[in-house]
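Asks: What follows is a single structure, and I will ask about it in a moment.
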Amino acid sequence: KAGVTQTPRYLIKTRGQQVTLSCSPISGHRSVSWYQQTPGQGLQFLFEYFSETQRNKGNFPGRFSGRQFSNSRSEMNVSTLELGDSALYLCASSARQESIQYFGAGTRLSVL
Amino acid sequence: AQTVTQSQPEMSVQEAETVTLSCTYDTSESNYYLFWYKQPPSRQMILVIRQEAYKQQNATENRFSVNFQKAAKSFSLKISDSQLGDTAMYFCAFCAGIQGAQKLVFGQGTRLTINP
């Protein structure tokens, strides 16, 4: 079974631009969660989608948004990028009744 | 709000030694899960071990075992016969019950180096 796939692996943007990151979950997994990892703040929960609905949301500004498609693939969007948005963005998927999340390799976003 | 604290930013041991990583957490929930994840330089977060709070028996996965002290809210990870491939960042994580099961709260991590 293929693991969680995140694309792209690396991304460089400039301040003010917007960016879209993609996550394909493990086949059969319907929940997708997103996390931001930075040296200063560590790993922080962004949001979680299940069956195309946002179920949980972390404490991030409205510039961070996401969506989930009917095939469970998810995208995360960050608008009006700031330097502080430079981070590793991790996606994780899980089956409905399990509490184990399986992570992708992440997308490294650099904002210049 | 739940918090997870890892008090050891870095640790270093010799290959084949045993090492214990510490983790404490704070929660008012009665039903929750605790995890140890490993993140090697490749960045892929890998599940090492999981503990359900309602189970008194400590979880074990091959060379990895935990010491779960629910009253003390402590959840340490013991790695026996450490190997070079164990070198990584280790994160302790918490999630509350089934409804909140998809929202992990992480500690700051412990960088573990296994020396040959």
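If you read the protein sequences in the order shown, they are chains A and B. Residues in the first sequence are numbered from 35 upward in steps of one, following the numbering used here. Residues in the second sequence are numbered from 1294 upward in steps of one, following the numbering used here. Here a beta-carbon is modelled for each residue, glycine too, at the ideal position from N, C-alpha and C.
Using a Cβ cut-off of 8 Å (strictly closer), state whether Leu1340/B contacts chain A.
Replies: As a working mapping, residue 1340/B is identified with position 47 in the second sequence. By this cut-off, Leu1340/B is an interface position.
Asks: Bridge partners of Phe1399/B, per DSSP?
Replies: Walking along the second sequence from the start, residue 1399/B turns up at place 106. Bridge partners of Phe1399/B: Ala1386/B.
Asks: Scan the segment 1350 to 1363 of chain B for residues whose Cβ lies nearer than 9 Å to a Cβ of chain A and list them as they occur along the chain.
Replies: Within the segment 1350 to 1363 of chain B, no residue has a Cβ that lies closer than 9 Å to any Cβ of chain A.
Asks: Using DSSP with H/G/I as helix, E/B as strand and the rest coil, what is Leu80/A?
Replies: Position 46 of the first sequence, counted from the start, is the residue given in the question as residue 80/A. Three-state result, Leu80/A: strand.
Asks: Would the segment 121 to 137 of chain A count as touching the segment 1301 to 1312 of chain B if we require 3 or more Cβ pairs under 8 Å?
Replies: No: fewer than three Cβ pairs fall under 8 Å.
Asks: Of all Cβ atoms in chain A, is any one closer than 8 Å to the Cβ of Ser1335/B?
Replies: Within the second sequence, residue 1335/B is the residue found at index 42, counting from 1. At least one chain A Cβ lies under 8 Å of Ser1335/B.
Asks: Please classify Asp1319/B: does DSSP put it in a helix, a strand, or coil?
Replies: Here residue 1319/B refers to the residue found at position 26 when the second sequence is read from its first residue. Asp1319/B falls in the strand class under three-state DSSP.
Asks: I need the straight-line Cα distance from His63/A to Ala129/A, nearest angstrom please.
Replies: For the purposes of this step, residue 63/A is taken as the residue at position 29 of the first sequence. For the purposes of this step, residue 129/A is taken as the residue at position 95 of the first sequence. Approximately 4 Å between the Cα atoms of the pair.
Asks: Please compile the residues from chain A whose C-beta is within a distance smaller than 9 Å of the C-beta of Gly1402/B.
Replies: Translated into positions along the second sequence, residue 1402/B becomes position 109. Near Gly1402/B (Cβ distances below 9 Å), the residues of chain A are Gly76 and Leu77.
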